[in-house]
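First the structure, in the form of structure tokens, and then the observations on it.
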Amino acid sequence: MNMLNNIIINGMIFALPLFIMAVGGIYSERSGVTNLALEGLQGFGAFTGALVAYSLTGYFGSESSVPVYFAMIFAMLGGMLFSLLHAVLCNYFKANMVISGVVINILAMALTTFLTKTINKNVFGAASDKFVLGIMKRFSVPGLSEIPVLGAFFTNMYMFEIVIVILAFITWYLLYKSSFGLHLRAAGDNPAAVDAAGVDVIKVRYIAVMISGALSGLAGICFAYSISAKFSSDIYMGFGYLSIAALIFGGWKIMPTLGACLIFGFARSAGYQLVQKIGLPSAYSDLVMILPYVLTLVMLIFLAGNSQAPKALGEAYDKSKR
Amino acid sequence: MNRKNDRIIVAIIAVLLGILAGAVIILILGKNPLSVYYSLLRGSGLAPKAKYAGGKNMLSDFSNFLDFITSMIFAALAVAVALKTGLFNIGVSGQMLVGGFIATVLIGYSGLPAFGAKPLVILVAAAGGGVIGALIGFLKYRFNINEVVSSIMLNYIASYITGFLINTRYVDPQTRQSKDINAAACLTLHEVRIGSAKYDIPLGFILAVIVIFAVAFLFDKTVFGFELKAVGLNREAARYMGINVRKSMVVSMLISGLLAGIAGATYYLGYITTIQPKVLPSIGFDAIAVCLVGGSSPIGIFFSAFFLMIISKGSTYMSSQMGLEAEISSVIMGLILLTCACSTFILPLMYKFRSRKEKGEVKA
Chain A
3 MNMLNNIIIN GMIFALPLFI MAVGGIYSER SGVTNLALEG LQGFGAFTGA
53 LVAYSLTGYF GSESSVPVYF AMIFAMLGGM LFSLLHAVLC NYFKANMVIS
103 GVVINILAMA LTTFLTKTIN KNVFGAASDK FVLGIMKRFS VPGLSEIPVL
153 GAFFTNMYMF EIVIVILAFI TWYLLYKSSF GLHLRAAGDN PAAVDAAGVD
203 VIKVRYIAVM ISGALSGLAG ICFAYSISAK FSSDIYMGFG YLSIAALIFG
253 GWKIMPTLGA CLIFGFARSA GYQLVQKIGL PSAYSDLVMI LPYVLTLVML
303 IFLAGNSQAP KALGEAYDKS KR
Chain B
644 MNRKNDRIIV AIIAVLLGIL AGAVIILILG KNPLSVYYSL LRGSGLAPKA
694 KYAGGKNMLS DFSNFLDFIT SMIFAALAVA VALKTGLFNI GVSGQMLVGG
744 FIATVLIGYS GLPAFGAKPL VILVAAAGGG VIGALIGFLK YRFNINEVVS
794 SIMLNYIASY ITGFLINTRY VDPQTRQSKD INAAACLTLH EVRIGSAKYD
844 IPLGFILAVI VIFAVAFLFD KTVFGFELKA VGLNREAARY MGINVRKSMV
894 VSMLISGLLA GIAGATYYLG YITTIQPKVL PSIGFDAIAV CLVGGSSPIG
944 IFFSAFFLMI ISKGSTYMSS QMGLEAEISS VIMGLILLTC ACSTFILPLM
994 YKFRSRKEKG EVKA
């Protein structure tokens, strides 16, 4: 029983950030911009968020939860700022979107590792390759958490889980029910028609990529808090690519993507619980670590050619070809 | 001027822009970019250092540098072969690790004599990398799985599984890395004394030069290479021509994996002699930069590997001399990559500029 609770609690903590990052990916890709840069965006967002939180902890004290809120806001801003690079490369320079995404990832990794070391040395006067974050407080929803089994979904929650759920509703509404969402989805399927309707395709794509940057940044700082309570180059664990796999599996739709992310989350936490239960040496947890990656491949195999990718995905919009 | 020259000019512009952007960052941090870049040259054995430890001189540093770029040449060729066929092999790191690991376990620890062990190391590592590469190609061919996603997944799987095996079986408790391989299996002759200094003689470098010409021959002179290129340029047109597009993709990934495996052999059983568990070699990612700067051409890759690796190789020495974090080198590499990704933009700009100039000349 206790084991099931832990699987649900830890599974949700991993699945929700993964999901919100995938939602960002959906925004970008439905608008027609292939976004393999999620990995780098979440890393850069986590970096800016952690930097702000780390600087503020001295001011507010380690007990305060104010730095956490600032961290989340600045992580979103940082991710958004860095995503502009991808947007400019894809829309203005008309670079190959796949290459651009990978380049952004490599640059983000190099830049954040370098800046973390340099800032630690020059500003905080300590030789360190990480920013240690405070502990994010956890809580249980009174009443709801008492329900058997399902109560685990409301037990020991991080504050960010609430934020992500709220954002998920907003982004779902925006994508499927607003006229902006309609333009965005059309920009990925038939940009010429959107242009003919008098909507600026490039502008829509810029906004879409920036939304994906902000959501990735949020996911990044959530991972930084929940997995290791610090920012270091360990943040680049390939979760960005996992969320891409999730959105491909979800057919570029928000609800099925949530399902895929939950499968990842629960598989991962179940694996850890299993290792603990059997009492295997810690080296064996490395074998559990490969579970999400293997699962991704297996899930993609079952998807087998049945992908409903946006029709104009990966093509820079060229007005003259209309 | 033909298009080939244009591409070389674009590559040089991209590299210069990247270096310039790096210089700006260095300036902001209050260091002199010129002396930073000069100490990179010194660290790679291309400029004399102020003083040398015993048994070292500029030439021995340079021999070590050649040893380093050997792996890079193979890795970048691996990226290039896939890219020519329109596939993006970002899994070179994982393929290097798998090839290097299998060769280490099977041959590196075996105690075979040198004349048998050295060729076997290359063959086994190539096979290991090739299997992974072919698997990525197969997943693309059979299930239409994006090769970037599948190769990243395989990177992590490879890194955790080899890490697990090293930690449970082959670990050296002192260094926390895999045990040293036997000298007989090593592709680099380490610290060979010639005169007063010790040199590292990279046997793989000779092979790298041969493979450069082999790959160039494959793409420029053979029907098979032409088919691979055709698939990369326009899949639909290639299919119309009667080329088996999907088979070409698998074979291209197989060759790419083979080359990545050899890169792993020359790195893990040459340049260094151990494997650090759970760490993917950064060479596999830098290889993308080397390949793009080299315009995916084998000869281009040789020169771009030579110039770009100065930045990587010299960074440790530069860091100790200038007090700047060594990671600045990967930042500069990232910036060069960024400008290279924009090269599709630079080229038309150049044509525009040229045609405007030509018109001007006609008037005059």
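For the protein sequence lines, the chains are A and B, in the order given.
My numbering puts the first residue of the first sequence at 3, with every later residue one more than the last.
My numbering puts the first residue of the second sequence at 644, with every later residue one more than the last.
Where is the CB? At the ideal position from N, CA and C, for every residue including glycine.
Given the structure is predicted, the values throughout are model-derived calculations rather than measurements.
CA-CA distance, Ala-285 of chain A to Thr-811 of chain B, rounds to 7 Å. Rounded to whole angstroms, the gap between the alpha carbons of Ala-719 of chain B and Gly-938 of chain B is 11 Å.
Going by C-alpha positions, Arg-836 of chain B is about 8 Å away from Gly-698 of chain B.
Taking C-beta atoms as the reference points, Thr-831 of chain B and Leu-846 of chain B count as a pair closer than 8 Å.
Only those residues of the stretch 165-177 of chain A whose C-beta falls short of 8 Å from the nearest C-beta of chain B would be listed, and there are none. For the alpha helix (DSSP H) assignment, the uninterrupted runs of no fewer than 4 residues enclosed by the stretch 160-204 of chain A are, from N- to C-terminal side, 161-179, 181-191 and 193-198. Going by beta carbons, Val-974 of chain B and Phe-116 of chain A fall inside the 8 Å limit. About 6 Å separates the beta carbon of Asn-825 of chain B from that of Gly-754 of chain B, a gap short enough to meet the 8 Å contact definition. Chain-order list of chain A residues neighbouring Glu-879 of chain B: empty, with the shortest C-beta distance near 14 Å, by a criterion of under 9 Å. Annotated three-state conformation of Phe-133 of chain A is strand, per DSSP. Remark: C-beta atoms of Ser-821 of chain B and Thr-917 of chain B approach each other more closely than 8 Å. Of the candidates B:Thr-728, B:Tyr-799 and B:Glu-970, B:Thr-728 places its Cα closest to the Cα of Val-888 of chain B. With a 10 Å radius around the Cβ and a threshold of 16 neighbouring Cβ atoms, Phe-251 of chain A comes out buried.
Using a Cβ-Cβ cut-off of 7 Å, Asn-93 of chain A is close to nothing in chain B; its nearest Cβ partner there is about 11 Å away. Counting along the chain, the unbroken alpha helix (DSSP H) around Val-277 of chain A starts and ends at 256-280. In this chain, the beta strand (DSSP E) harbouring Lys-841 of chain B covers 840-845.
Using a C-beta cut-off of 8 Å, the stretch 902-914 of chain B makes contact with the stretch 741-750 of chain B, since at least three inter-stretch Cβ pairs fall below that distance. Straight through space, the alpha carbons of Ser-891 of chain B and Asn-93 of chain A are spaced by roughly 31 Å. Across the set B:Gly-688, B:Ala-693 and B:Met-976, the C-alpha of B:Gly-688 shows the shortest separation from the C-alpha of Met-701 of chain B.
Rounded to the nearest whole angstrom, the C-alpha separation of Ile-979 of chain B and Val-68 of chain A is 39 Å. Put simply, the CB of Ser-102 of chain A is near chain B, with a gap under 8 Å to one of its CB atoms. Not one beta carbon of chain B lies nearer than 8 Å to the beta carbon of Asp-236 of chain A. DSSP places Leu-832 of chain B inside the beta strand (DSSP E), whose first and last residues are 831-837. The alpha-carbon separation between Ile-106 of chain A and Leu-86 of chain A amounts to approximately 11 Å.
The shortest C-alpha to C-alpha distance from Val-25 of chain A to any of A:Trp-254, A:Met-99 and A:Asp-236 is the one to A:Trp-254.
Within the same chain, His-185, Ala-188, Ala-189, Val-203 and Val-206 come within 8 Å of Val-196 of chain A by CB-CB distance, once the 5 residues on both sides are set aside. In the DSSP assignment, Met-952 of chain B falls within the alpha helix (DSSP H) that extends over 941-956.
In the DSSP annotation of this structure, the continuous segment of the alpha helix (DSSP H) that includes Leu-117 of chain A starts and ends at 99-124.
C-alpha of Ala-17 of chain A to C-alpha of Ala-226 of chain A: approximately 14 Å in a straight line. Scanning its chain for C-beta atoms nearer than 7 Å, with the 5 sequence neighbours on each side dropped, one finds no residue around Phe-95 of chain A.
Secondary structure of Asp-710 of chain B (DSSP, three-state): helix. Ser-793 of chain B reaches chain A at Leu-299 and Leu-302, counting residues in chain order whose Cβ is nearer than 8 Å. Of all residues in the stretch 108-126 of chain A, the ones placed with a Cβ closer than 7 Å to any Cβ belonging to chain B are Ile-108, Leu-109, Ala-112, Leu-113, Thr-115, Phe-116, Lys-119 and Thr-120, in chain order.
Among the CB atoms of chain A, one or more fall inside 8 Å of the CB of Phe-988 of chain B. Within the stretch 766-817 of chain B, there are no complete beta strand (DSSP E) runs of at least 3 residues.
Among the residues of chain A, those whose CB is under 9 Å from the CB of Tyr-799 of chain B are Met-239, Gly-240, Tyr-243, Met-291, Ile-292, Pro-294 and Tyr-295, following chain order.
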